[in-house]
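For the sequence shown, the working numbering gives the first residue as 23, with consecutive numbering after it.
Using N, Cα and C, we set each Cβ at its ideal position, and we do this for glycine too.
Since the structure comes first, as structure tokens, the remarks are kept for the end.
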Amino acid sequence: MILINRVLIGGFIASLLSVAQAAGLTIEITKGSQTAVPIAIVPFAQQGSIGNVKLSDVVSSDLAGSGFFKTLAEDDMLTKPSEPEKVNFRDWQVLGQDYMTIGQVVGNGNSFNIQFYLFNVHNGQLLMGYRLTAGANELRRAAHHISDLIYEKLTGRKGAFNTRIAYVTSVSRGSGKQYMLQVADADGYNPRTIAESPEPIMAPAWSPDGSKIAYVSFHTKRSEIWVQTLATGQRESVAAYPGINGAPAFSPDGSRLAVTLSKDGSPDVYVLNLANRALTRLTSGLSIDTEPTWSPDGSTIVFTSDMGGKPQLYSMPASGGKASRLTFQGDYNARGRFSADGRSLAMVTGNGGSYRIAVMDMASRTVNVLSEGNLDESPSFAPNGSMILFAATRGGKSALSVVSTDGAMQQKLAFESGGVREPAWAP
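Written out as structure tokens, the structure reads:
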């Protein structure tokens, strides 16, 4: 449950709840768009030893999960061509498809040549033909790349399937728990543990170039902010002041962190220069100020504060100055996160004990509630701004969910043995 005294100290207490190890992933579309475009992803013909990755299934899952497309079930396909000259477009018109993709995979177990074609079913026009090479451990990434190409061709917007997410899990170990910070593909596959500790880990935040993650760890028995380089595993402590060290957020140029510190009393927002460790205090007073996030141009910081009596979102210049209240709808608004273009702000909005994911249009300040749960938290935009990743609690278990920014589609990434928390979508 999200309560004021939990969220307003950077989500520390909420993140102490038990979550399970990421294993046995199931992707379930829980809400589909009525206006989704019909597209058939025909199983790619395979030659040689391909392994257990079926590219067409990955592409179909990606596109269906975006909310923009409705993919045709393989059992409903009348034929399964893999070469352009063998496509009978009348078959696919009868099935009500607007577009179709065919392809071939040829490999020897170590290296694979992949070729695919995208057609307009109505007029038979070839919209795209593409060839790529992938290693044995890169087949899922190649499939995500194909999904990105198709998505961009048909929507005009870059895809976000070939990206990564970070999240926190834990597993019982004897009388205690082992907490793990993991990085995985955007669909939850190929998880990799980058940090673990018998004490809580929370609040992962990506650097703008995706090469580093900042996070909070309690492995020294107190909160401490670390920055870790993913390629090497090297990490360093950047904030270990008395009291709370939490809620790190990289500046758009990667040179600074906005953080929450309570070293001078109540939790306040500071900016930490990573080069020289210089601190600039942005907020002060008796209120609890936390969960800072930068606007994409670096000029503004949005944060959560109870200065008005209840948790709401406020904005202020990143260089310091007067804070202005952003949210007024509902009795609780927190955890603001900008889209990459700065036009939208995702948040957790609460009213009457129900906490859902919402998005604010920054121009009009209108707020649209997107999710349907009662305990949804930690929103994070996809790099292309079309989807929002968040943690949802259902039946006492938490899972990752993704909702389209128009609310038309929602899918759940459920892990066999339990839930996950604190998701963050990489740039």
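Once the 5 residues before and after residue 91 are set aside, which same chain residues still bring their CB inside 6 Å of it?
Locating residue 91 in the sequence shown gives position 69, where the first residue counts as 1. The residues are 58, 59, 61 and 85.
Along the chain, where does the alpha helix (DSSP H) that runs through residue 168 open and close?
As a working note, residue 168 is residue 146 in the sequence shown. Its alpha helix (DSSP H) spans residues 161 to 177.
Taking the Cβ atom as the reference point for each residue, do residue 362 and residue 407 lie within a distance shorter than 9 Å?
On the sequence shown, residue 362 is found 340 positions in, with the first residue counted as 1. On the sequence shown, residue 407 is found 385 positions in, with the first residue counted as 1. Pairing residue 362 with residue 407 gives a Cβ-Cβ distance under 9 Å.
Taking residue 217 as the reference, give the member of 151, 396, 236 and 421 with the closest Cα.
The residue given as residue 217 occupies position 195 in the sequence shown. Ranking 151, 396, 236 and 421 by Cα distance to residue 217 puts 236 first.
Could you please give the first and the last residue of the uninterrupted beta strand (DSSP E) stretch that includes residue 141?
Walking along the sequence shown from the start, residue 141 turns up at place 119. Run containing residue 141: 133 to 142, per the beta strand (DSSP E) assignment.
Smallest Cα separation from residue 317: which of 304, 344, 349 and 367?
On the sequence shown, position 295 is the one that residue 317 refers to. Selected option, being the one with the closest Cα: 367.
Nearest-angstrom Cα distance between residue 258 and residue 247?
Position 236 of the sequence shown, counting from 1, holds the residue named residue 258. Position 225 of the sequence shown, counting from 1, holds the residue named residue 247. Straight-line measurement puts the Cα of residue 247 at about 9 Å from the Cα of residue 258.
Cβ neighbours of residue 212 in the same chain (closer than 8 Å, five flanking residues each side left out)
Residue mapping note: residue 212 aligns to position 190 of the sequence shown, counting from 1. 162 and 206.
CB residue 155 to CB residue 136, shorter than 9 Å?
Within the sequence shown, residue 155 is the residue found at index 133, counting from 1. Within the sequence shown, residue 136 is the residue found at index 114, counting from 1. In this structure, residue 155 sits near residue 136, with a CB-CB distance shorter than 9 Å.
Which residues bound the alpha helix (DSSP H) around residue 82?
Against the sequence shown, residue 82 aligns to sequence position 60. Run containing residue 82: 77 to 87, per the alpha helix (DSSP H) assignment.
Let me know if residue 355 comes out buried or exposed under the rule of 16 or more other beta-carbons within 10 Å of its beta-carbon.
Within the sequence shown, residue 355 is the residue found at index 333, counting from 1. By the neighbour-count rule (16 or more Cβ atoms within 10 Å), residue 355 is buried.
In chain order, what are the residue ranges of uninterrupted beta strand (DSSP E) at least 3 long that sit wholly in the segment 319 to 352?
Counting whole runs of 3 or more residues, the segment 319 to 352 contains the beta strand (DSSP E) stretches 322 to 327 and 334 to 339.
Check the C-beta distance from residue 186 over to residue 208 and give it rounded, since I have them as a contact under 8 Å.
Indexing the sequence shown from 1 puts residue 186 at position 164. Indexing the sequence shown from 1 puts residue 208 at position 186. Contact holds; Cβ gap of about 6 Å.
In angstroms with no decimal places, state the Cα-to-Cα distance between residue 225 and residue 444.
As a first step, residue 225 is located in the sequence shown; it is residue number 203 there, counting from the start. As a first step, residue 444 is located in the sequence shown; it is residue number 422 there, counting from the start. Distance between the alpha carbons of residue 225 and residue 444: 6 Å.
For chain C, is any of its Cβ atoms less than 9 Å away from the one on residue 164?
Any reference to chain C falls outside this structure, which holds one protein chain only.
What are the start and end residues of the beta strand (DSSP E) that includes residue 290?
Taking the first residue of the sequence shown as 1, we reach residue 290 at position 268. Going by DSSP, residue 290 is part of the beta strand (DSSP E) stretching over 290 to 295.
Tell me the rounded alpha-carbon separation between residue 376 and residue 264.
The residue given as residue 376 occupies position 354 in the sequence shown. The residue given as residue 264 occupies position 242 in the sequence shown. For residue 376 and residue 264, the distance between alpha carbons rounds to 34 Å.
Which same chain residues end up closer than 6 Å to residue 251 when comparing Cβ atoms and leaving out the 5 residues on each side of it in sequence?
What you label residue 251 is simply residue 229 of the sequence shown in a count that begins at 1. Within the same chain, residue 251 has close Cβ partners 234.
Rounded straight-line distance, which links the Cα of residue 261 to that of residue 242:
Along the sequence shown, one-based indexing puts residue 242 at 220. Along the sequence shown, one-based indexing puts residue 261 at 239. Answer to the nearest angstrom: the Cα atoms are 12 Å apart.
Reference residue 245; option with closest CA among 254, 267 and 230
The sequence position of residue 245 within the sequence shown is 223, counting from 1. Between residue 245 and the set 254, 267 and 230, the nearest pair of CA atoms involves 267.
Which of helix, strand or coil does DSSP assign to residue 98?
Residue 98 sits at position 76 when you count from the first residue of the sequence shown. It is helical.
Beta-ladder partner(s) of residue 9, from DSSP:
The structure shown does not extend to residue 9, since the chain is modelled only from 23 to 449, so the question has no answer here.
Look at the Cβ atom of residue 301, then the Cβ atom of residue 294, and state whether they are nearer than 9 Å.
Taking the sequence shown and counting its residues from 1, one reaches residue 301 at position 279. Taking the sequence shown and counting its residues from 1, one reaches residue 294 at position 272. The answer is yes: Cβ separation under 9 Å.
What is the DSSP secondary structure of residue 430, counted as helix, strand or coil?
Working through the sequence shown from its first residue, we reach residue 430 at position 408. Annotated three-state conformation of residue 430 is coil, per DSSP.
Among 358, 353 and 319, nearest to residue 336 - alpha-carbon criterion
By 1-based counting over the sequence shown, the position of residue 336 is 314. Nearest Cα to residue 336 within the set 358, 353 and 319: 358.
Indicate the three-state DSSP secondary structure (helix, strand or coil) for residue 199 in the structure shown.
Within the sequence shown, the letter at position 177 stands for residue 199. Of the three classes helix, strand and coil, the one that applies to residue 199 here is strand, per DSSP.
Bridge partners of residue 150, per DSSP?
As a working mapping, residue 150 is identified with position 128 in the sequence shown. Looking at the DSSP assignment, residue 150 forms a beta bridge with 140.
Measuring CA to CA, which of 104, 100, 108 and 133 is closest to residue 118?
As a working note, residue 118 is residue 96 in the sequence shown. Closest by alpha carbon: 100.
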